Every structure is written in structure tokens, then in C-alpha cells.
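Using the numbering used here, the first residue of the sequence shown is number 1005, and each one after it goes up by one. Here a beta-carbon is modelled for each residue, glycine too, at the ideal position from N, C-alpha and C. These numbers come from a predicted model, not from an experiment.
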Amino acid sequence: MRILDINSEYFGVPRSTLMENAGKQVFEALRKRFKLRNKKIAVFCGTGNNGGDGFVAARHLTGEGAKVDVILLGSEAREKFELIKKNKKIKVLKETKDNYDIIIDAILGTGIEGELREPAASAVERINKSEAFKVSVDVPTGIGSTHCVNADLVVTFHAMKKGLEKFDIVVADIGIPKEAESCVGPGDLAVNLKRDKESRKGDNGKVLVVGGGDLYYGAPVLSAFGVLNSGADLVYLAVPEANYEVTRTFSPDFIVRKYPGGFLSSRGVDTILEIAKNCDCAVIGPGLGLRSETKSAVLEVLKKIKIPVVIDADALKAIAEGRELLKKLNAVLTPHAGEFKILTGEDLSNDFEERKKVILRQAKKLNAAILLKAPVDIIASQDGRMKLNATGNAGMTVGGTGDVLAGIVASFMAQRLEPFTAACCAAFVNGAAGDELYKSRGYCFTASDIAGELPNTIKKFTASLY
């Protein structure tokens, strides 16, 4: 739900509106079941959005004549709590009384993992000992842990949640816009991009970029900047010997390794596989070229590599000749429409709904996440998930933006995001960086500019994590 809450605000529905609607739905569910006048009701409120829903429900319940106590677990510094304090009919307590008719559990919502901590653990124990009718907001506090609220009713929002099958459920519409679920948004970043403050060098991802040839020595460099500027700790570049010196000059942050020759051939495979042993993810493809020796080497690497891979650009054309290798790989494919046809043999329809079906079908068939690069990106997984990304603008037709994107995908995978989620977040961030540049430069910017804009863009959408 946190992803949907944040994305809803991004797509035009403030979280305060969702909270108001959620609390009202809890109230309505109780009003359908009880005559509320003079009922003694306790509302246990945590400090997050779940607690805010409880505050709203408490306000509506007092308006119906119920006698309401709010038991606050944690800080009082909340907008909705300030409104509650002004309502003289509601008592705000630090501890519960006994003999309530109804208890509302608005302590913790979705996204909480592990065993309950205090004060939530003691509150759940107290609630479960009561003979009152128990209502949980969205999910019972502690669901999935050893102890959770034994709810008589769960008012869950937007859609059924995993683990609620054994409860009496009301699924309530609180006005979440469809785009908040179908499209990638800042909520996807805020929830998934997590970093341990005690982490050390290398803990947040080591990425190998395999690319470059006699024509396009800059492509793997752009991918490498995409890797580092989206949060990975280390980036290794495996490039032809002919490109080694120029590649080293781009940044002291790059760890550059060379293999023999001016392009990738079988002579470079062992070097690449050896570097990969020390990495968490690899990007294969930017600027490699289409020589038959290069295609064969790509297939040999993909046959033997043991880490997740982002297959981009020329490597997509190589894997088209060895699609069976995808059955054993943990891969993200990043084609545009032309590369998609080479990869799958299918033309993409101009009908957007039909296009979505084709991408999803091929993701399942190929056993890989697919990020189709287009004015509206389509991201699909082999297990049937799909999201759209609408960030980006016409300035991003400039060469190299796909190389940067491939680096971001690999960076997020190396930071422990699973492939589909990494592809979704990367598409959003890449396009959003381009949108920030458009505000100051119009359509006149480069792929290097996008890579340079990534840190500010990511911080903008994940500010709550810092």
C-alpha cells in the first residue's frame, strides 16, 4: 500500500485524501454492523498512515454518537492527530481502559516485516485479550509474524491482500487512481531502494559492463556512469585492448580490464567470466558490434555466466540466435521495437493494448523480464506482472540514453532489486532525469547529461530514506 499511497500523490490524489477516504470506509463498515450511538470504542493508532486512518475513523464515529478513546502509540506530531485533539468528544490516552464494545486496530499496515516490537507487541496482546469486536485497518497488525491481532473484521483498501483469506474481509475503494498501480512512480523507488547505513564498500552492488568495439567505445562508458550515478558501489568495464587506454581516461572511478584485440571474440570470454565472479550483475551489449565472432562470444559468456544480466543493444541480436540460454539466466532484456523484432520475430502493433499483450507473452516465453523502450515504456515479467512508465520526453532520442538505462537496471539489480522491479525503477529514473533536463534545456541534452542528473533525480524521489 505504501507504493500506491506515494504514487497516488504523484498522479494527483494526495495521501491526505486517501487517508480521509480510508477512515471513512472503516466507519461505514462499522455503521453497517452496529448501532454506534453510545458504543464504547477504542482506536489504537500507530504513527504511520495506518494510524492516520484510525484518527479519521475516530472523528466519524464520534459524529455518530459513539464514545471514542484514541490510544496513541508513539509521536503526536501528526496533522490528523492535531485535528483529533481539537475534538472534545474524543479522549486521547496513553493506556487503555477496559470494557470496550469495539476495538479498532490502526497500528501497523502493510510493509512491516519480522516480529513486532514494543509498543506494538504489547498493544496486540492487550487487544487480543479483550472480548470486544475487533476491526483491523487494511491488515491486522502483526500479520505474518508470530502474534497478530485476531480481527473479527478487516477493512482492507483497494484490493485483497496476501494472508487475509482466513478473515472476514471488506475490500474498500479509497480513490487510488488506476495509474498509481499500472504505472511506475516514485513510490516504487521509495519502497524498494533501501540501503543499510552500516554497509561497507561493495555491499551496495558491484557491476560488470561488457561492451565497446572499434566503432562505439563510448557506449560502455555511458552504461558505467549509469551504474555509479544510480547508487552501485563499484563498476568494472571489460573492453577490447584497443579501447583500454581511452576508456580509462573517462573516470578514475572506473575499474577497467582489457581483453585481446579490437573487438570481443572468444579470446575475451575467460577474462569476462573471471571478472564476473566478483560482481553482482553484468550489462552485456553496449557498443559491442555485430561481427560473427562477437555474437559467438556473447553466447559463450551467457552460457557460462553465474550472475544476473542485463542484455542490451548488440547482445540482444546475439541472443536472438540462442534464445534457449534465457531459460537458465536471471535476465532483463532492454530492446526497442526494432530489436524486439530481431529477438522474437514479432512485429509490434501500433495498438497499445495489443502491444502490451505481445510483450507479456514474450516475457513468459523467453523466461526474462522485458523493458520495451518507447515513448511509454512497457515492462513485463515472466511471472505475469506488467507496468508502464511514462517519464521521459522527445529529447531522449539522442544517442546513448539506452546505454545509461541499461547501467541503471544493472545497478538496481546489484542493489538487490529483483529484475522486474529493477527494470521498472530504472525506466522511471532514466526518464525522470530527462524530464528534469528538459525543464532547463528543452530537447538539447545528451546521454551524459542524463547520467549526471541521476543522483539528484533519485534523491528527489527517495528523500524520505535519507
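Alpha carbon to alpha carbon, what distance is there between residue 1161 and residue 1084? Looking up residue 1084 in the sequence shown gives position 80. Looking up residue 1161 in the sequence shown gives position 157. Low local confidence applies: a pLDDT of 49 at residue 1084 is under 50, so the model's placement there is unreliable, and no value is given.
Could you check the C-alpha separation between residue 1185 and residue 1163 for me, to the nearest Å? For the purposes of this step, residue 1185 is identified with residue 181 of the sequence shown, where counting begins at 1. For the purposes of this step, residue 1163 is identified with residue 159 of the sequence shown, where counting begins at 1. One C-alpha to the other measures close to 11 angstroms.
Return helix, strand or coil for residue 1246, following the three-state DSSP convention. Here residue 1246 refers to the residue found at position 242 of the sequence shown. It is helical.
How is residue 1005 classed by DSSP in three states: helix, strand or coil? What you label residue 1005 is simply residue 1 of the sequence shown in a count that begins at 1. Of the three classes helix, strand and coil, the one that applies to residue 1005 here is coil, per DSSP.
Using only alpha-carbon positions, find the residue among 1328, 1016 and 1193 that is nearest to residue 1183. Indexing the sequence shown from 1 puts residue 1183 at position 179. Considering only alpha carbons, the answer is 1016.
With DSSP as the reference, label residue 1240 as helix, strand or coil. Taking the sequence shown and counting its residues from 1, the one referred to as residue 1240 is at position 236. Strand.
What residue range is occupied by the uninterrupted beta strand (DSSP E) comprising residue 1391? Residue mapping note: residue 1391 aligns to position 387 of the sequence shown, counting from 1. Residues 1390-1393.
Extent of the continuous alpha helix (DSSP H) to which residue 1408 belongs: Position 404 of the sequence shown, counting from 1, holds the residue named residue 1408. Unbroken alpha helix (DSSP H) run through residue 1408: 1405-1418.
Using the three-state DSSP reduction, which class does residue 1252 fall into: helix, strand or coil? Taking the first residue of the sequence shown as 1, we reach residue 1252 at position 248. Of the three classes helix, strand and coil, the one that applies to residue 1252 here is helix, per DSSP.
Classification of residue 1447 by the beta-carbon crowding that lies within 10 angstroms, buried from 16 upward: Looking up residue 1447 in the sequence shown gives position 443. Residue 1447 comes out exposed.
Taking the beta strand (DSSP E) that residue 1337 falls in, what are its first and last residues? For the purposes of this step, residue 1337 is identified with residue 333 of the sequence shown, where counting begins at 1. It spans 1335-1337 - the beta strand (DSSP E) in which residue 1337 sits, taken as one unbroken run.
In angstroms, rounded to a whole number, what distance separates the CA positions of residue 1018 and residue 1181? On the sequence shown, position 14 is the one that residue 1018 refers to. On the sequence shown, position 177 is the one that residue 1181 refers to. Looking at the two C-alpha atoms, the distance is approximately 11 angstroms.
Who are the near neighbours of residue 1271 in its chain, counting only those whose CB is closer than 7 angstroms to its CB and skipping five residues on each side? Locating residue 1271 in the sequence shown gives position 267, where the first residue counts as 1. Excluding positions up to five away in sequence, the list reads 1263, 1264 and 1265.
Buried or exposed: which applies to residue 1191, given that a residue is buried once 16 or more other Cβ atoms fall within 10 Å of its Cβ? Numbered from 1 along the sequence shown, position 187 holds the residue referred to as residue 1191. With 16 or more other Cβ atoms within 10 Å, it is buried.
Return the first residue and the last residue of the beta strand (DSSP E) that residue 1295 is part of. Here residue 1295 is taken as the residue at index 291 of the sequence shown, counted from 1. Counting along the chain, residue 1295 falls outside any beta strand (DSSP E), and DSSP gives it neither H nor E.
Would you call residue 1219 buried or exposed, if buried means 16 or more other Cβ atoms sit within 10 Å of its Cβ? As a first step, residue 1219 must be located in the sequence shown, where it is residue number 215. Residue 1219 should be labelled exposed.
If you follow the alpha helix (DSSP H) that residue 1433 is in, where does it begin and where does it stop? Here the question's residue 1433 lines up with position 429 in the sequence shown. Here the alpha helix (DSSP H) through residue 1433 covers 1423-1445.
Any heavy atom of the ligand MN closer than 7 angstroms to the Cβ of residue 1250? Although the ligand MN was asked about, the structure shown includes no ligands whatsoever.
For residue 1108 and residue 1047, which I take to be in contact (beta-carbon distance under 8 angstroms), what is that distance rounded to the nearest angstrom? By 1-based counting over the sequence shown, the position of residue 1108 is 104. By 1-based counting over the sequence shown, the position of residue 1047 is 43. Rounded, the Cβ-Cβ distance is 4 angstroms, consistent with contact.
Once the 5 residues before and after residue 1072 are set aside, which same chain residues still bring their CB inside 6 angstroms of it? Translated into positions along the sequence shown, residue 1072 becomes position 68. Result list for residue 1072: 1045, 1062, 1065, 1066 and 1094, in chain order.
Please state the DSSP three-state secondary structure of residue 1221. By 1-based counting over the sequence shown, the position of residue 1221 is 217. Coil.
Is residue 1056 buried or exposed, if buried means 16 or more other CB atoms sit within 10 Å of its CB? By one-based count along the sequence shown, residue 1056 stands at place 52. Buried is the call here.
Return the chain-ordered list of same chain residues with a C-beta closer than 7 angstroms to the C-beta of residue 1150, the five sequence neighbours on each side being excluded. In the sequence shown, residue 1150 corresponds to position 146, counting from 1. For residue 1150, where only same-chain residues beyond five positions count, the Cβ hits under 7 angstroms are 1119.
Extent of the continuous alpha helix (DSSP H) to which residue 1126 belongs: As a working mapping, residue 1126 is identified with position 122 in the sequence shown. 1124-1133 is the extent of the alpha helix (DSSP H) around residue 1126.
Leaving out the 5 sequence neighbours to the left and right, which residues in its chain are closer than 7 angstroms to residue 1028 when beta-carbon positions are compared? For the purposes of this step, residue 1028 is taken as the residue at position 24 of the sequence shown. Correct list, in chain order: 1060 and 1064.
Comparing C-alpha positions only, which one of 1334, 1330, 1324 and 1328 sits nearest to residue 1342? Along the sequence shown, read from residue 1 onward, the residue named residue 1342 stands at position 338. Closest by alpha carbon: 1324.
Less than 8 angstroms between CB atoms is the rule here; does residue 1284 satisfy it with respect to chain C? Protein chains in the displayed structure number just one, and chain C is not present.
Classify residue 1372 as buried or exposed, calling it buried when 16 or more other Cβ atoms lie within 10 Å of its own Cβ. Looking up residue 1372 in the sequence shown gives position 368. Answer is buried; the Cβ neighbour count reaches 16.
Count the other CB atoms, across all protein chains shown, that sit within 10 Å of the CB of residue 1294; report buried if there are 16 or more and exposed otherwise. On the sequence shown, position 290 is the one that residue 1294 refers to. That one is exposed.
Should residue 1010 go down as buried or exposed, given a rule of 16 or more other Cβ atoms within 10 Å for buried? Stepping through the sequence shown from its first residue, residue 1010 is reached at position 6. Buried.
Just verifying my parser: in three-state terms, what is the DSSP assignment at residue 966? Here the chain covers residues 1005 to 1470 and nothing more, so residue 966 does not appear.
Below 8 angstroms, how does it come out for the stretch 1240-1258 and the stretch 1221-1229: are there three or more Cβ pairs, yes or no? yes
What is the rounded straight-line gap between the Cα of residue 1336 and the Cα of residue 1253? For the purposes of this step, residue 1336 is identified with residue 332 of the sequence shown, where counting begins at 1. For the purposes of this step, residue 1253 is identified with residue 249 of the sequence shown, where counting begins at 1. If you take the alpha carbons of residue 1336 and residue 1253, they lie about 29 angstroms apart.
Provide the residue(s) that pair with residue 1285 in DSSP beta bridges, ordered along the chain. For the purposes of this step, residue 1285 is taken as residue 281 along the sequence shown, with counting starting at 1. Paired residues: 1211.
Check whether the Cβ atoms of residue 1405 and residue 1194 sit closer than 8 angstroms, and answer yes or no. Your numbering for residue 1405 matches position 401 in the sequence shown. Your numbering for residue 1194 matches position 190 in the sequence shown. No, the Cβ-Cβ distance between residue 1405 and residue 1194 is not below 8 angstroms.
Residue 1303 versus residue 1273: straight-line alpha-carbon distance, rounded: In the sequence shown, residue 1303 corresponds to position 299, counting from 1. In the sequence shown, residue 1273 corresponds to position 269, counting from 1. Going by the C-alpha atoms only, they are around 10 angstroms apart.
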